[in-house]
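S.K.: As you go down the protein sequences, you meet chains A and B in turn.
Using the working numbering, the letters of the first sequence map in sequence onto residues 1 to 839.
Using the working numbering, the letters of the second sequence map in sequence onto residues 840 to 1208.
Virtual Cβ for every residue (Gly too), placed ideally from N, Cα, C.
Remember, it's a predicted structure, so these values are computed and weren't measured experimentally.
Just dropping this structure here.
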Amino acid sequence: MRVPLSWLREYVDLPAGETGRDIQAKLIRAGLEVEGVEQLGADLKGPLVVGHVLAIEELTEFKKPIRYCQVDVGDANGTGEPQNIVCGARNFAVGDKVVVVLPGAVLPGPFPIAARQTYGKTSEGMICSARELGMGDDHDGIIVLPPEYEPGTDAIELLELVDEVLDIAVTADRGYCLSLRGVARETAIAFDLPLRDPALIDVPPANSYGPLVKVEDQAGCDRFVARSVVGVDPAAKSPIWMQRRIQKAGMRPISLAVDITNYVMLEMGQPLHAYDRHRIDGAITVRRANAGEKLRTLDGVERTLDAEDLLICDNAGPIGIAGVMGGAGTEIADPVVDPETGEVTGTSEIVIEAAHFAPVSIARSARRHKLPSEAAKRFERGVDPEATKAAAQRAVDLLVLVAGGTAEAGVTDIVAPHPVHSISIAADLPDRVAGQEYGRETVVRRLQEVGCTVVGSDVLVVTPPTWRPDLTDPNDLCEEVIRLEGYENLPSTLPDVPAGRGLTEAQRLRRRIGVALASSGQVEVQNYPFIGEAVLDALGIEAGDPRRETVKIANPISHEEPSLRTTLLPGLLGALHRNVGRGTTDVALFELGRVFRVDGTAETLYHAPRLPVDRRPTGDEIAQLDAALPRQPYRVGAVFAGHRDPQGWWGKPQAWTWADAVEAARTVADAAGVSLTVRQDQHTPWHPGRCAALYVGEQLVGHAGELHPRVVKSLNLPERTCAMELDLDLLTAGGAVKAEGPKISTFPVATQDVALIVDDAVKAADVEAALRAGAGSLLESLRLFDVYRGESVGEGRKSLAYALRFRAADRTLTADEASAARESAVAEAATRVGATLRG
Amino acid sequence: MSAPNKSYDPVEVEALKPEEIERLRDEALAAFAAATDLDALHEAKVAHMGDRSPLALANREIGALPPAAKAEAGKRVGAARGGVNKAFAARKVELEAERDARVLVEEAVDVTLPYDRAPRGGRHPLTTFAERLMDVFTAMGYSVAEGPEVEAEWLNFDALNMGPDHPARSTQDTFFLKDADSVVLRTHTSGVQIRSLLAAAEPPVYVICPGRVFRSDELDATHTPVFNQVELLAVDEGLTMADLKGTLDHMVESLFGEGISTRLRPNYFPFTEPSAEMDMVCFVCRGESVGNPDRPCRTCSSEGWIELGGCGMVNPRVLVACGIDPNKYSGFAFGFGIERMLMFRHNVEDMRDIVEGDVRFTLPFGMEI
Ligand SMILES: [Zn+2]
């Protein structure tokens, strides 16, 4: 809502020194979001005057037609002689009154004006357009004034070019502030000044001979006022002051009847509609639409109506979507000028509608037809039903005043009975909500200031004013008191929070994982969870794979990516690709986040019950809500490309490999306090020979390794890109192993190396398991320090060299003991994996 | 008393003459002094201290002396050899020190060589910033509550006094699931607040709810369809707006430094009543840029205040929907976006940098924020 200060001052006698900034500050404190104060005409300087066009010479020798005009500007130029002005616009004629800026003046921009040579003439100033004067952006044409103004009259004052305009973002609960009346009321309270309420005007009582109206749906329309005016001059134009106020308020002047309805709406907040009486067939009827009914609205669009739409109809059918937009068929006709006689014909009899519609119904229709009109905006947020009569009266008065009409005596006012809503609150409730003592007297005074009727002492019975449908609950009333007393005056205290237990184990674990992976050289990313079929195809994930069963969004940002991720890899690989594309070729990324899985969910998926809100849901109902949701397990994933150790003065580069991916999984498992078992596997999208399945006990928790070369190619990734992904929920399902304090033996260690030759297909993990089993309890640690393939070990075979460390808790081991343990280890390896000692 | 055997005169043995011993000793000392490195010193040692050195030979002569002369000659030779040993040791220490100094010079390296060998990692500032907030509140006694990102509408909207016709429940703001009834991508973490209230048998409830939320905006320099939020909920007996204000003040002091405070401005949210917009004093200019064109402040656009988010007293209707008696309990809540806070706290100019996962953006934030 844009509020010109000059207009606001009509209702509140603000001290002359109060600037827009001052008022902004006070209104912000009272809870109006005044986003800015526009300074109109701040850099404007005269002389800017009314001019009378005496003569026009058409200059035709230029690319575009140019006019050389003589304009009478009265005494404004000091000589009284006509002013010679070159002008490119053509929408004016000899005899018209225009706005002339004279040399020495400054137009908004700032744009100083001087006499200048142009098109072979001296132009002593300019004939101005609305845009040049900062009046609005809507047209470039020259302003043609009504004929009554004397040449030389100051146009800055005439056009009210200097003003301040408050720009207010009105929140959903304060519909009444979508009007001068409402903002004036808040201003009056903020400055503790009286308000001149524009709705307090004389209105004749309702009678039976007003325009015929039938309200068939009283739930949708609880108030309908209709008035009529005859003898309206179709040629009448909106007066300048009205146009200017409409412009400053951010709307466009259109035609007299429309301008008057808009003006009254801006002033009182009551949307009005004006009909050409001759175009209405019979009584005006308010009813719901029949499904499929059609209406061409004012904007020229033919709309198919929904059975929920509330309509204004006549005998011939719909003539408007109530409170949203009128129909084209009954709008006020554009005046037509007879070219021979000059006579203007058009609408001469007007019916004014001022009604009150149910907010939800209007909101739904406006949304359904994508018509967020000014009227709908107000009805949705709540309009004062008691202002209907005054608003209709005001429109009638203006039609009489500026269009020469005659008000008809008939006053239609249909009122649906509705109960008076009052709220009981303890007089000290605002104190208890605020944590500050206001006292009963202040509470009552503040509530009365906003328009409430208040009775009672310890318990107050409060009846909110008709323009405040948002005041329904005791806390609403508390807010009124507290905001008017000033949020800025609230004390600052801290509650006694009971002792807490800090983060949960799962939360601490995610931190540890983040720190561990980052410390090992990976960079965390947070990717969007949106994926499409294309990336699943590129990953080679086949139909039937649970990762293909995605949760789909009805209104995705991109139709290419309408699903939620079932794996972290698409996002991670996307980020990897982006980094590489931007020149970071050595890159390791990780992400901790949820995936969305529908495998293993019940039939109740996606079907959440609609529960009431006036009570706590039962345990069953809460379970039903949860059963409607997909599984959303936490995962951790990592991707690697390029070098882990770059080439440098220290030596050759080392690439990130499948082993780093597996190691990242181990890092996560270590952080979680579980031990990970690695098994060879084949799993999309990994390289079939370089894929590790990761287990905790017998539970598969994820995969790691090098990506399949085909996947690397189709996603345009660097060669040998590696990846890891673990399900954190599964990883931690069994709980962490509690660390036992180890018993440290200080007896000497006995080290024995052993090189075993095994078949190439034998897995290192199996050899190690055999050695451990065979070595027995004296084995302190075991480490594979070399893998060798070559002639000396034979085709299809490899040598694995281990360092075994033996130690006893209670004595120094003899060489024989250590050797015996080693031999036993080798024997077990021979039995289990056919290992032979390398000679 | 009979005199010792005086048939031999020690002086008569040439090698044991005092002048001779003295000369041999001086020769040795001179040789040691002349040795310029440890090898030369070793040679001098062999020559003057070895088994076949003159002093060693002289020593052997002592045995041939008459008993009466032995003691004196032995003493003389012993003193000379002692002096030689001492001189050798001293020279050896000198030469070793010289050698060590030389070796250390030779072993010098350029310690300014770059060693950018280990890969550098880092955590995302959205994560670490949320953690920092969690730490502020867990220190106060709050717990951290989490919930699903795909959420039932009842938990995301209805229970929060956002009825079926609330404008936020349109496809312009909310992602809906295909072929689903009343399930959405959560538009805020408030559903977690509701879950926390439902999970508690009875207040007090003091929780902070961080998490990812979704709104159907296009990604641009200031918007993202997926962002992170932190919300707080406190429900207990006798909680007031003053408590809300104090809690906010405590938070901004913890995050932005001593003396930074908040201000509340009335606003409207369905889930709180009274509701407020919360601003904090600009931590860069502390308000000094206001009306001071010479010292403009980019962080607050010279407004002196930075908008943080929304807050208010929990609407009693929300408590009713969770089965909590609004006559006995009251509560406060607030929420804000982490991205926005990150942007003004760390001068991040483009939202896209936060979401795109470019490591050049993330690395400077390190492991904590
Ligand atoms: Zn600042």
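(1) For Phe1173 (chain B), which residues in the same chain have their Cβ closer than 6 Å to its Cβ, ignoring the five residues on either side in sequence?
(2) Should Leu1103 (chain B) be flagged as near chain A, meaning a C-beta pair shorter than 8 Å?
(3) Closer than 7 Å by beta-carbon distance: list the chain A residues that pair up with Leu994 (chain B), in chain order.
(4) Would you give the residue range spanned by the alpha helix (DSSP H) that Ala554 (chain A) belongs to?
(5) Which of helix, strand or coil does DSSP assign to Val1194 (chain B)?
(6) State the beta-bridge partners of Leu782 (chain A) as determined by DSSP.
(7) Applying the criterion that 16 or more other CB atoms from any shown protein chain within 10 Å of the CB defines a buried residue, is Glu160 (chain A) buried or exposed?
(8) List the residues of chain A that His963 (chain B) touches, going by C-beta distances under 7 Å, in chain order.
(9) Spatial neighbours of Val415 (chain A) within its chain, please: CB distance less than 8 Å, with the 5 preceding and 5 following residues excluded, ordered by chain position.
(10) Using a beta-carbon distance cut-off of less than 8 Å, what residues from the segment 1072-1105 of chain B approach chain E?
(11) To the nearest angstrom, report how far apart Ala664 (chain A) and Pro685 (chain A) are at their CA atoms.
(12) Closest to Leu605 (chain A) by C-alpha separation, out of B:Thr1101, B:Ala1019 and B:Phe1183, would be which residue?
(13) Please work out which residues of its chain come closer than 6 Å, Cβ to Cβ, to Gly922 (chain B), disregarding the five sequence neighbours upstream and downstream, and give them in chain order.
(14) Distance cutoff 8 Å, beta carbons only. Does Gln632 (chain A) sit that close to anything in chain B?
(15) Drop a sphere of 10 angstroms on the beta-carbon of Lys389 (chain A), count the other beta-carbons inside from all chains shown, and report buried for 16 or more, exposed for fewer.
(16) Which residues of the segment 1016-1029 of chain B have a Cβ closer than 8 Å to any Cβ of chain A? Give them in chain order.
(17) Please decide whether Thr1045 (chain B) counts as near chain A, where near means a Cβ-Cβ distance under 8 Å.
(18) What do you reckon, is the C-beta of Ser1128 (chain B) under 7 Å from a heavy atom of ligand 1?
(19) Determine the contact status of Gly269 (chain A) and Val383 (chain A), defining contact as a CB-CB distance below 8 Å.
(20) Quick one: is Ser1169 (chain B) near chain A, going by C-beta distance under 8 Å?
(21) The alpha helix (DSSP H) that contains Val203 (chain A), what's its start and end?
(22) In terms of residue numbering, what span does the alpha helix (DSSP H) encompassing Leu625 (chain A) cover?
(23) Within a Cβ cutoff of 6 Å, which residues of the same chain sit near Asp1075 (chain B), ignoring the five residues on either side of it in sequence?
(24) Are there any heavy atoms of ligand 1 lying less than 7 Å away from the beta-carbon of Gly1143 (chain B), as far as the coordinates show?
(25) Across which residues does DSSP place Asn84 (chain A) in a beta bridge pair?
(26) Establish whether the CB of Asp1197 (chain B) and some CB of chain A are separated by less than 8 Å.
(27) Does ligand 1 have even one heavy atom less than 7 Å from the beta-carbon of Thr1101 (chain B)?
(28) Tell me the rounded alpha-carbon separation between Met979 (chain B) and Ala499 (chain A).
(29) Among A:Glu57, A:Asp306 and A:Pro47, which residue has its Cα nearest to the Cα of Val73 (chain A)?
(30) With 16 other CB atoms within 10 Å as the buried threshold, where does Ser892 (chain B) fall?
(31) Rounded to the nearest angstrom, what separates Arg565 (chain A) and Glu1057 (chain B) at their Cα positions?
(32) When the Cα atoms are used, what is the spatial distance from Ile280 (chain A) to Thr330 (chain A)?
(33) Roughly how many angstroms lie between the CA atoms of Leu868 (chain B) and Asp876 (chain B), to the nearest whole one?
(34) Rounded to a whole number of angstroms, what is the C-alpha to C-alpha distance between Asp1088 (chain B) and Ser492 (chain A)?
(35) Does DSSP put Cys1150 (chain B) in a helix, in a strand, or in coil?
(36) Can you tell me whether Cys177 (chain A) sits near ligand 1, meaning its C-beta is under 7 Å from at least one heavy atom of the ligand?
M.R.: Looking at the atomic coordinates:
(1) Leu1071 and Cys1150
(2) yes
(3) Leu625
(4) Unbroken run through Ala554 (chain A): none, as it is neither H nor E.
(5) helix
(6) A:Leu804
(7) buried
(8) Glu524, Val525 and Gln526
(9) Asp222 and Arg223
(10) You won't find chain E in this structure, because its protein chains are A and B.
(11) 18 Å
(12) B:Ala1019
(13) Arg864
(14) yes
(15) buried
(16) Leu1016, Lys1017, Asp1018, Ala1019, Asp1020, Ser1021, Val1022 and Leu1024
(17) Sequence inspection shows Tyr at residue 1045 (chain B); the Thr mentioned does not correspond to that position. Closer than 8 Å: yes.
(18) yes
(19) yes
(20) yes
(21) No alpha helix (DSSP H) contains Val203 (chain A), which DSSP labels as neither H nor E.
(22) Gly619 to Ala627
(23) Pro1042 and Pro1043
(24) yes
(25) A:Gln70
(26) yes
(27) no
(28) 8 Å
(29) A:Pro47
(30) buried
(31) 19 Å
(32) 6 Å
(33) 15 Å
(34) 8 Å
(35) strand
(36) no
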